[in-house]
Structures are given as structure tokens and as C-alpha cells.
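In my numbering, the protein residues as written are 1 to 302.
Each residue gets a CB set at the ideal place from its N, CA and C atoms; glycine is no exception.
Keep in mind that this is a model prediction, so the values were computed, not measured.
Everything on this sheet refers to the single structure shown next.
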Amino acid sequence: MAGILMISAIFAGGAVSVRAEGEELITSPHGVLMEASTGQIIYEKDMDTQVKPASITKIMTLLLIFDELEKGTLHMEDQVVTSAYAKSMGGSQVFLEEGEKQSVETMIKCIVIASGNDASVAMAEHIAGSEGEFVRRMNERAAGLGMENTHFEDCCGLTESDNHYTSAHDVAIMSRELVTKYPKVLEYSSVWMENITHETDKGTSEFGLTNTNKLIRSYDGCVGLKTGSTSVAKYCVSAVAQRNGITLISVVMTAPDYKVRFADAAAMLNLGFGSCQLYTDSEPEKLPDIPVEGGIKDQVSC
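The following block contains the structure:
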């Protein structure tokens, strides 16, 4: 049986949470490092304070998209039509035109690689009929995950509403749900650059997507996941990295600039990979036989 061992605190029976509270490992005010398979916290700094999420909001948007794909109500090849409202989104965008059609897979790339606000809204409308209904589902999903310090007002994080907030811990929770339940998302979040094709009444043109997460190029094993930044939220990132069978989620919120955001995420990942190792129980304890009443056999083996 395989498991994760935190070597800085060894106990019988498997994974152990090591919380280094108060250590100034990072300079950003909020951060958390989580081991993905168990959800255990390795390091945290003020992880439950409510803060603005900016485009990290899109992690929940992606989660709902993949939920629909799993249910079979949505397919990668389905065509999504961009509305006038989706086109009107400011901030980071991929410049979709009103009436333009793109496949669900292309929209996912636009969201996770280039953080397209227009693509996020187009997908929300396609799935739920309106962004408002989609946001209601986002909040419902967040509640189901136990994200107690989160409330969404839009699907892309562009809003400056005081009622749009999350916490570093909650970001780690939804990141874990996304990457463990739908690891295919990492095939997209690990892409550095890719082109999409716009086909509209104006003609055909190529548009380059460049990943906003610089760690996928600078940090060994980084495969995602999502960045965010606004003047209010400052700089944040949910970074996912994999080494030697271990997946770690490093979340930084409210960093003063993009360099600190990535440096702090890397510092936590370094701590995690230095503290964790994959182990196999070579002599697993055999469970006792279980008695059965009224069955064909008197007992069954585990």
C-alpha cells in the first residue's frame, strides 16, 4: 500500500500533518501548502482570512466545467457561442467576438492558460444559461466542499464586490478537488504557449495563448494551476507541482508583486518536497476475518 510520509514527523499508520505555524517562510500575508492525495496541511500562514481571489476564482469555474463533462451533459467538442455580454468582459481576455464559436476544449485552454474572462463567462452561460445561475452553482459547490470562507459574485474574478472573497485554505481545497478528481486539467495548465483560431465575420486569425503561471517553466515539476491579480486582490497563485509520485498544492494570496507571489509558492513547494516522500508498506497488517450471519459462508476474508 502506498502513502505519503512527512519525514519531519514520523508516526505509525501513514501520512502526518506538519504545521509550521508562524514561521516566516514566506513574505506574503497568506499562504498554505497542501499534500494533494490526503489534503493534509504541511505549512500555513494566516490561511483562513477572507481575501480577494481575482482570477483564482476560475478554479471553481473549471471545476464546474469538468463536473459537467463527467456527467456527460457537456462534451469537449461541443461548440460554445460567445454572447455580447461575454465579449464585453475587460481584464485578461482572448478577444472572443460576439457570435464566435469555439469548442469546449478550446474554451478550457483559454481559461486555464490565458485566464480569459470572456471565455469564462461564455462557458458559464453555455452551461447554466446565465452567469448568475452559474455563480449560484459555484457557491453551492463551494459549500459542499466545506469552503467556509468563500463566496463568489462572478465566474472570473473581475468583480470588485466586497461579497466576492475566499481564503488561501479554501483555494487549496478547491484546487485539490479539481486536480485529484479531474487530473486531465493538468494537461492544459502545464501548457506554456498555444495558438487558437478565431473564425468570425471579420475573417480567420490566429491568437496566441501564453500561460500566466511562470512557475511551469521555472520550477521543476510544476504543472499548474492558476494565477490571479487585480489592484484590490494584488497577486495570488495556486501552484501545483509533482515529483516522485507526490503532488503538492502551494497557494499564495495578496502578495505585493508577481515576483514575491512565485518566490513564496516555490519556497513552500521546496519545504514540502523536502519533508515528504512516497512510501510503500511492504508488510501490511492483515485484517481479521469478519463473521457473517445467515450467509453461505460463516466468515469472509478482508
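{"Check": "If L271 and Y43 are in contact, beta carbons under 8 Å, what's the gap, nearest whole angstrom?", "Outcome": "6 Å"}
{"Check": "Does DSSP put F95 in a helix, in a strand, or in coil?", "Outcome": "coil"}
{"Check": "Whose C-alpha, out of T212, M123 and A143, is nearest the C-alpha of Y85?", "Outcome": "M123"}
{"Check": "Any idea what DSSP makes of F66, helix, strand or coil?", "Outcome": "helix"}
{"Check": "Check whether the segment 208-227 and the segment 45-63 are in contact - that is, three or more C-beta pairs closer than 8 Å.", "Outcome": "yes"}
{"Check": "List the residues that DSSP assigns as beta-bridge partners of H30.", "Outcome": "M253"}
{"Check": "Which first and last residues belong to the beta strand (DSSP E) in which F207 is found?", "Outcome": "G203 to T210"}
{"Check": "Helix, strand or coil: how does DSSP classify E125 here?", "Outcome": "helix"}
{"Check": "Quick check: E133 and V121, are their CB atoms within less than 8 Å of each other?", "Outcome": "no"}
{"Check": "Of the residues C236, K202, S161 and N195, which one's Cα is nearest the Cα of N213?", "Outcome": "C236"}
{"Check": "Quick check: the Cα distance between R137 and I290, rounded to an integer number of angstroms?", "Outcome": "43 Å"}
{"Check": "DSSP three-state label for N139, please.", "Outcome": "helix"}
{"Check": "How many Å lie between Q93 and D170 at the Cα?", "Outcome": "25 Å"}
{"Check": "Please report the Cβ distance between I246 and V240, rounded to the nearest whole angstrom; I am assuming they are in contact, meaning their Cβ atoms lie under 8 Å.", "Outcome": "With 8 Å as the limit, I246 and V240 do not qualify as a contact, their Cβ atoms being about 11 Å apart."}
{"Check": "Quick check on DSSP: helix, strand or coil for H151?", "Outcome": "strand"}
{"Check": "For T180, I'd like the list of residues in its chain whose CB is within less than 6 Å of its CB, leaving aside the five on either flank, ordered along the chain.", "Outcome": "A36"}
{"Check": "Ordered along the chain, which non-local residues of its own chain (more than five positions away) have a Cβ less than 6 Å from that of A172?", "Outcome": "V32, M34, I249 and V251"}
{"Check": "Looking only at its own chain, which residues have a Cβ that is under 6 Å from the Cβ of T166, when we skip the five neighbours before and after it?", "Outcome": "P53 and T150"}
{"Check": "Which residues does DSSP pair with V240 in a beta bridge?", "Outcome": "G224 and I249"}
{"Check": "Compare the beta carbon distance of I113 and N211 with 8 Å and say whether it is the shorter of the two.", "Outcome": "yes"}
{"Check": "Comparing alpha-carbon positions, which option in M253, H126 and R243 lies nearest Q102?", "Outcome": "H126"}
{"Check": "Taking its Cβ as the centre, do 16 or more other Cβ atoms sit within 10 Å of T197, making it buried, or is it exposed?", "Outcome": "exposed"}
{"Check": "Does T180 come out as helix, strand or coil in the three-state DSSP assignment?", "Outcome": "helix"}
{"Check": "Cα separation between G144 and T204?", "Outcome": "43 Å"}
{"Check": "With distances taken between CB atoms, is the gap from V51 to M253 smaller than 8 Å?", "Outcome": "yes"}
{"Check": "Looking at C-alpha atoms only, which residue of G99, D154, T27 and L278 is the closest neighbour of T38?", "Outcome": "L278"}
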